[in-house]
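Novice:
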Amino acid sequence: SKGTYPYYMLKEIDEQPAVLRRLVQEYINEDGTFNFDPKLIDALKEADRLYIVAAGTSYHAGLVGKPIIEQIAQIPVEVELASEFGYHMPLLSKKPFFIYLSQSGETADSRQVLVETNKRGFPSLTLTNVEASTLSREADFTLLLKAGPEIAVASTKAYTAQITVETILAQALAVAKGLPSANDLDVKHQLGLAANGIQTIVDSKDDIEQLAHEFFANTRNAFYIGRGIDYWASLEAALKLKEVSYIQAEGFAAGELKHGTISLIEEGTPVAAIITDKETASHTRGNVQEVQARGAKTLKIVSEDLAQAGDQIIIPTLETVLSPLVSIVPTQLLAYYATLQRGYNVDQPRNLAKSVTVE
Ligand code: F6R
148 SKGTYPYYML KEIDEQPAVL RRLVQEYINE DGTFNFDPKL IDALKEADRL
198 YIVAAGTSYH AGLVGKPIIE QIAQIPVEVE LASEFGYHMP LLSKKPFFIY
248 LSQSGETADS RQVLVETNKR GFPSLTLTNV EASTLSREAD FTLLLKAGPE
298 IAVASTKAYT AQITVETILA QALAVAKGLP SANDLDVKHQ LGLAANGIQT
348 IVDSKDDIEQ LAHEFFANTR NAFYIGRGID YWASLEAALK LKEVSYIQAE
398 GFAAGELKHG TISLIEEGTP VAAIITDKET ASHTRGNVQE VQARGAKTLK
448 IVSEDLAQAG DQIIIPTLET VLSPLVSIVP TQLLAYYATL QRGYNVDQPR
498 NLAKSVTVE
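In our numbering, the protein residues as written are 148 to 506.
See the structure below:
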């Protein structure tokens with residue numbers, strides 16, 4: 148039930164710190180070892196490349212999973228849209244391992260790929276929120292997202308849960324492979340910071356509501372921009388905004404705008420930038436100035452260590468590659484409030500169903 152919440156989407160955004168803590172408890176033991184099926188870890192160790200297959204928000208969680216897994220576990224990862232991959236399978240590596248990300252575990256596009264990879268005898272893992280779901284039953288291994296039922300059509304807590312499980316799994320694989328760098332990143336500590344960080348963001352929802360009002364009022368379109376990990380977060384931020392508020396929103400690599408899309412910027416076009424990577428922060432700030440000079444209204448979502456006067460949303464600093472765990476949360480809230488201000492039912496956007504069981 149929604150309890151005292153007006154909508155499930157807000158309840159589910161608020162639940163994210165608890166979901167992260169639950170996943171740490173579930174998959175990391177007190178002594179720092181990991182609670183994964185040893186057969187799963189062995190199968191992952193044998194692979195020469197991981198293929199993440201997913202749709203929508205789960206695909207976006209896969210895009211973030213790629214640099215996390217590559218950095219921590221030192222194995223190449225490809226991320227594929229299920230609806231494309233099923234019919235246009237690229238040349239695969241010699242020992243592929245397939246990871247299916249699906250909140251519902253019922254997405255037909257993903258299942259269609261799983262049927263094919265099963266036919267070819269490739270090992271597979273499903274990360275899902277629904278026990279005994281189709282994708283879970285048909286894959287070799289399952290890891291549960293433990294996020295509790297996600298009722299709102301727009302996926303929120305499943306995205307952060309997927310990134311969390313990808314992170315813990317990457318660390319377990321790094322340790323199992325005996326990588327010297329395996330403990331460079333204190334994953335448990337980082338996920339604790341992320342849980343606390345999300346909490347501070349959801350506690351400031353009144354400020355974000357106000358910003359949503361100022362920033363998205365009366366607009367038909369909007370942009371989220373970022374580089375690297377912030378680009379992947381921008382794609383999800385834009386999907387969240389467009390699917391519930393019907394504002395045409397695009398997530399864009401900040402440096403690509405000037406190669407064409409900047410022609411869409413007019414007086415008052417909202418452009419939100421996500422800035423959490425110190426390598427590229429000054430470049431993205433430069434792109435913000437470029438659009439501002441062409442009339443855009445801008446909003447900066449910046450991690451604490453990179454914050455400057457005038458940045459509107461400051462988020463806690465994490466290891467860069469994990470930053471979407473916190474950077475996505477203000478964008479979820481912005482989408483939520485922009486939708487309420489427009490008077491739409493944020494839990495049930497038009498034309499959408501919670502699980503998409505047709506190809
Ligand atoms: C967006 C959304 C969809 C789903 C997509 C995949 O908020 O909910 O984009 O993420 O349909 O669904 P699952 O994860 O159930 O496979």
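For every residue, glycine included, the Cβ atom is placed at its ideal position computed from N, Cα and C.
I'd like to know whether the C-beta of Asp452 is nearer than 8 angstroms to at least one C-beta of chain D.
Specialist: Looking at the structure shown, chain D is missing, and only one protein chain is on hand.
Novice: Could you please give me the residues that DSSP links to Leu110 through a beta bridge?
Specialist: Any question about residue 110 goes unanswered here, given that the chain covers just 148 to 506.
Novice: Among all the DSSP beta bridges, which residues are the ones paired with Gly373?
Specialist: Paired residues: Ala400.
Novice: Rounded to whole angstroms, what is the Cα-Cα separation between Ala384 and Asn182?
Specialist: Each residue's Cα considered, the two are about 32 angstroms apart.
Novice: Pairs of beta-carbons, one from the segment 252 to 269 and one from the segment 277 to 297, closer than 8 angstroms: are there three or more?
Specialist: With the cut-off at 8 angstroms, the segment 252 to 269 and the segment 277 to 297 touch.
Novice: Within 8 angstroms, do at least three Cβ pairs link the segment 198 to 209 to the segment 220 to 234?
Specialist: As far as the Cβ criterion goes, the segment 220 to 234 touches the segment 198 to 209, which means the pair count is three or higher.
Novice: Can the beta-carbon of Val391 be found closer than 8 angstroms to that of Thr303?
Specialist: Against a cut-off of 8 angstroms, the Cβ pair of Thr303 and Val391 comes out as no contact.
Novice: Could you tell me the alpha carbon to alpha carbon distance between Asp208 and Tyr306, rounded to whole angstroms?
Specialist: Rather than Asp, the amino acid found at residue 208 in this sequence is Ala. Approximately 6 angstroms between the Cα atoms of the pair.
Novice: Flag Ala286 as yes when its Cβ comes closer than 7 angstroms to any non-hydrogen atom of the ligand F6R, and as no otherwise.
Specialist: No, since every heavy atom of the ligand F6R falls outside the 7 angstroms radius drawn around the Cβ of Ala286.
Novice: Assuming Ile376 and Pro471 form a contact by the criterion Cβ under 8 angstroms, report the distance between their Cβ atoms to the nearest whole angstrom.
Specialist: Sure, about 6 angstroms apart at Cβ, within 8 angstroms.
Novice: So if I measure from each beta-carbon to every heavy atom of the ligand F6R and keep distances below 7 angstroms, which residues remain?
Specialist: Those residues, listed in chain order, are Ala201, Ala202, Gly203, Thr204, Ser205, Leu248, Ser249, Gln250, Ser251, Gly252, Glu253, Thr254, Ser257, Val300, Ala301, Ser302, Ala305, Leu386, Lys387, Glu390, Ser502, Val503.
Novice: Judging by CA-CA distance, which residue of Gly150, Met156, Ile160, Pro164 is the nearest neighbour of Ala342?
Specialist: Comparing Cα positions, the closest option is Pro164.
Novice: Going by beta-carbon coordinates alone, are Gln488 and Ala308 separated by less than 8 angstroms?
Specialist: Result no, Cβ atoms of Gln488 and Ala308 do not sit closer than 8 angstroms.
Novice: Between Leu274 and Ile310, is the Cβ-Cβ spacing less than 8 angstroms?
Specialist: Cβ atoms of Leu274 and Ile310: not closer than 8 angstroms.
Novice: Excluding sequence positions up to five away, which residues of its chain have a Cβ less than 7 angstroms from the Cβ of Thr467?
Specialist: Same-chain partners within the cutoff: Ile376, Thr423, Asp424.
Novice: Is the number of C-beta pairs between the segment 430 to 448 and the segment 390 to 405 that are closer than 8 angstroms three or more?
Specialist: Touching, per the Cβ criterion.
Novice: Would you list the residues sitting across from Gln309 in a DSSP beta bridge?
Specialist: According to DSSP, which records beta bridges pairwise, Gln309 is partnered with nothing at all.
Novice: Leaving out five residues on either side along the sequence, give the residues of the same chain with a beta carbon under 8 angstroms from the beta carbon of Lys192.
Specialist: Closer than 8 angstroms at the Cβ level, and outside the excluded window around Lys192, lie Leu320, Ala323, Lys324.
Novice: Taking Ala420 as the reference, which of Gly442, Phe370, Glu506 has the closest Cα?
Specialist: That would be Phe370, whose Cα lies nearest to the Cα of Ala420.
Novice: Mind the definition here: the segment 153 to 163 touches the segment 286 to 299 only if three or more C-beta pairs lie below 8 angstroms; say whether that holds.
Specialist: Touching, yes, given that three or more Cβ pairs across the two stretches are closer than 8 angstroms.
Novice: By Cβ distance below 8 angstroms, which residues in the same chain neighbour Pro477 in space, the five residues on each side in sequence not counted?
Specialist: Result list for Pro477: Ile348, Ile355, Ile448, Ile460, Ile462, in chain order.
Novice: If you draw a straight line from the alpha carbon of Glu227 to that of Ala202, how long is it in whole angstroms?
Specialist: Their backbone Cα atoms lie some 8 angstroms apart in a straight line.
Novice: Can you give me the Cβ contacts of Thr445 inside the same chain, cut-off strictly under 6 angstroms, excluding the 5 residues immediately before and after it?
Specialist: Correct list, in chain order: Val418, Val435, Gln439.
Novice: Based on the DSSP secondary-structure assignment, which residues constitute the bridge partners of Asn368?
Specialist: Bridge partners of Asn368: Gln395.
Novice: Among Lys387, Leu261, Glu397, which one has its Cα closest to the Cα of Val493?
Specialist: Of the candidates Lys387, Leu261, Glu397, the one whose C-alpha sits nearest the C-alpha of Val493 is Lys387.
Novice: What did DSSP end up calling Ser422 once you bin it into helix, strand or coil?
Specialist: For the sequence presented, residue 422 should be read as Ile rather than Ser. Ile422: strand per DSSP, three-state reduction.
Novice: Considering only the alpha carbon of each residue, which of Ser148, Arg497, Leu480, Leu238 lies closest to Tyr393?
Specialist: The shortest C-alpha separation from Tyr393 is found at Arg497.
Novice: Among Val260, Pro214, Gly295, Tyr206, which has the Cα closest to the Cα of Ala286?
Specialist: Closest by alpha carbon: Val260.
Novice: Assuming Arg169 contacts Lys293 (C-beta within less than 8 angstroms), just tell me the rounded distance between them.
Specialist: With a Cβ gap of about 5 angstroms, Arg169 and Lys293 count as contacting.
Novice: Please determine, among Asp452, Val211, Gln346, the residue with the shortest C-alpha to C-alpha distance to Leu469.
Specialist: The candidate whose alpha carbon is nearest that of Leu469 is Val211.
Novice: Could you tell me which residues DSSP puts in a beta bridge with Thr445?
Specialist: DSSP output for Thr445 lists Val418 as bridge partner(s).
Novice: Rounded to the nearest angstrom, how far is the Cβ of Ala443 from that of Ile412, given a contact under 8 angstroms?
Specialist: Right, the Cβ-Cβ distance comes to about 5 angstroms (below 8 angstroms), so this counts as a contact.
Novice: Under 6 angstroms Cβ to Cβ from Tyr378, same chain only, skipping five residues before and after it: list those, please.
Specialist: Ala400.
Novice: Cβ atoms of Gln221 and Leu316: under 8 angstroms apart, would you say?
Specialist: No, Cβ-Cβ distance for Leu316 and Gln221 is not below 8 angstroms.
Novice: Tell me which residues share the same chain as Pro223 and place their Cβ nearer than 6 angstroms to its Cβ, disregarding the 5 neighbours each side in the sequence.
Specialist: Correct list, in chain order: Arg196.
Novice: If you follow the beta strand (DSSP E) that Arg196 is part of, which residue opens it and which one closes it?
Specialist: Looking at the DSSP string, the run of the beta strand (DSSP E) that includes Arg196 is 196 to 201.
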